[in-house]
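Peer 1: In my numbering, the protein residues as written are 117 to 510. Even for Gly, the Cβ is constructed at its ideal location relative to N, Cα and C.
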Ligand code: GLY
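Okay, here's the thing in structure tokens:
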């Protein structure tokens, strides 16, 4: 009898511990260990492809690579730097150095607004972790290249050169390149960088945002008068819709601008954007946004894991900038996002998914490009968010 009671108790303990949700620290450690395995495999593939960087998978599941001038080139090296930071394993440092060096020539590229993504995720993380002075020189040259795209009479850095007849298109995504320029301000002491970042942020706050704190994707300006010419979309469902990745780029950008300037208006703005996203009736329960908050086929619309990862990373930082109860609320949403992304619904299995970490992102649905695929920036911001959350636990 006694033996039976003991046996039943053991079974009950085992069963109940199996049903217990995993703690977030366990999920983070597992996800980072998995990321190391996947990206080691990815590096083995990429080291045999000189000058190229991973980008996504095509519809047959084959790897699509990119040259260094593609806007996402910095994310794979940046993820390798994060994994080196986490593991202290010299193998990741060597891999990160090798992949970072493939992007160096972009420091002279004045034809793109994405140098922050390209150079700051790669060389910027490399400099932070190694103090390699040559990285600093590359970054400062790149920052000079980027500000050639600034229009003083508009108060913004131009995005694309020519598209759809727009004179000076500025996309909300541009907010993400300001962290790089704020770094250049701090290192060089040149206040031009600071002024450009503040002007760009203020102009964007004024012209890109609607009264509900959702954002247009593209605002195009008249280059002569500096006035708004058109407000439209390129990657969203409609001109008036809330394209998800654009919303989270904006959120992340204003969090960074508050961190870097201490200007209260940027924090207030970031909070309003966060509230728009969190309270949106079309935000799914697992907190991984549909690719557009106004996609007509919700709840069957594709999800965008990249938007979930970027938002999680931004919310973790934002949670440290606000008082309770907002702080716990933002961290709680980010935790739900990390749990979702780390679940089999979004996270791949070892050796699958072309060695990318996350599944189910959307690059440009209207362009029928990169729909429901892995993307290097989803992986990068997922790893970043894991490390940011882990730092709060340590
Ligand atoms: N900047 C391009 C994108 O977010 O797709």
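May I have all residues whose beta carbon comes closer than 5 angstroms to any heavy atom of ligand 1, sorted in chain order?
Peer 2: 289 and 361
Peer 1: Am I right that residue 172 and residue 161 are in contact with their C-beta atoms under 8 angstroms? What's the rounded C-beta distance?
Peer 2: Not a contact, Cβ separation roughly 14 angstroms.
Peer 1: Which residues bound the alpha helix (DSSP H) around residue 422?
Peer 2: 421–435
Peer 1: Note down the Cα distance separating residue 185 from residue 273, rounded to an integer number of angstroms.
Peer 2: 18 angstroms
Peer 1: Among the residues of its own chain, which have a CB less than 7 angstroms from the CB of residue 506, if the five just before and after it don't count?
Peer 2: Around residue 506: 144.
Peer 1: Can you name the residues that DSSP bridges to residue 266?
Peer 2: BP columns for residue 266 point to 273.
Peer 1: Let me know the secondary structure DSSP gives residue 340 once reduced to three states.
Peer 2: coil
Peer 1: Across the region 343–357 and the region 392–401, are there enough close Cβ pairs to call them in contact, namely three or more that are closer than 8 angstroms?
Peer 2: no
Peer 1: Do you know offhand how far residue 442's Cα is from residue 436's?
Peer 2: 10 angstroms
Peer 1: Excluding the five sequence neighbours on either side, which residues of its own chain have a C-beta within less than 7 angstroms of the C-beta of residue 245, listed in chain order?
Peer 2: 197, 200 and 201
Peer 1: Evaluate the contact criterion for the region 340–350 versus the region 259–278: three or more CB pairs, one atom per stretch, below 8 angstroms.
Peer 2: Yes, the region 340–350 touches the region 259–278.
Peer 1: According to the Cβ coordinates, are residue 394 and residue 449 closer than 8 angstroms?
Peer 2: Contact flag set, yes.
Peer 1: By Cβ distance below 8 angstroms, which residues in the same chain neighbour residue 432 in space, the five residues on each side in sequence not counted?
Peer 2: 446, 447, 450, 501, 504, 505 and 508
Peer 1: Mind checking who residue 463 pairs with in its DSSP beta bridge?
Peer 2: 474
Peer 1: For residue 226, count the other beta carbons within 10 Å of its own beta carbon; 16 or more makes it buried, fewer makes it exposed. Which is it?
Peer 2: Flag for residue 226 reads exposed.
Peer 1: Which residue comes first and which comes last in the alpha helix (DSSP H) that contains residue 278?
Peer 2: Unbroken run through residue 278: none, as it is neither H nor E.
Peer 1: To the nearest angstrom, how far is it from the Cα of residue 412 to the Cα of residue 497?
Peer 2: In this structure, the alpha-carbon of residue 412 lies about 27 angstroms from that of residue 497.
Peer 1: Looking at the structure shown, is residue 387 part of a helix, part of a strand, or coil, going by DSSP?
Peer 2: In this structure, DSSP gives residue 387 a helical state, which the three-state scheme calls helix.
Peer 1: Looking only at C-alpha atoms, which of 440, 334, 378 and 330 sits nearest to residue 392?
Peer 2: 330
Peer 1: Pull up the CB-CB distance for residue 350 and residue 425, whole angstroms please, since I reckon it's below 8 angstroms.
Peer 2: Contact doesn't hold; Cβ gap of about 21 angstroms is too wide.
Peer 1: For residue 372, which three-state DSSP category applies?
Peer 2: DSSP, read as helix, strand or coil, puts residue 372 in helix.
Peer 1: Would you call the region 258–269 in contact with the region 296–307, where contact means no fewer than 3 C-beta pairs closer than 8 angstroms?
Peer 2: yes
Peer 1: Here's the rule I'm using: 16 or more other beta-carbon atoms within 10 Å means buried, otherwise exposed. How should residue 280 be labelled?
Peer 2: exposed
Peer 1: Taking 7 angstroms as the limit between beta carbons, can you name the residues of its chain near residue 321, skipping five residues before and five after?
Peer 2: Excluding residues within five positions, the ones whose Cβ falls inside 7 angstroms are 385.
Peer 1: Hey, out of 229, 300 and 305, whose CA is closest to residue 277's CA?
Peer 2: 229
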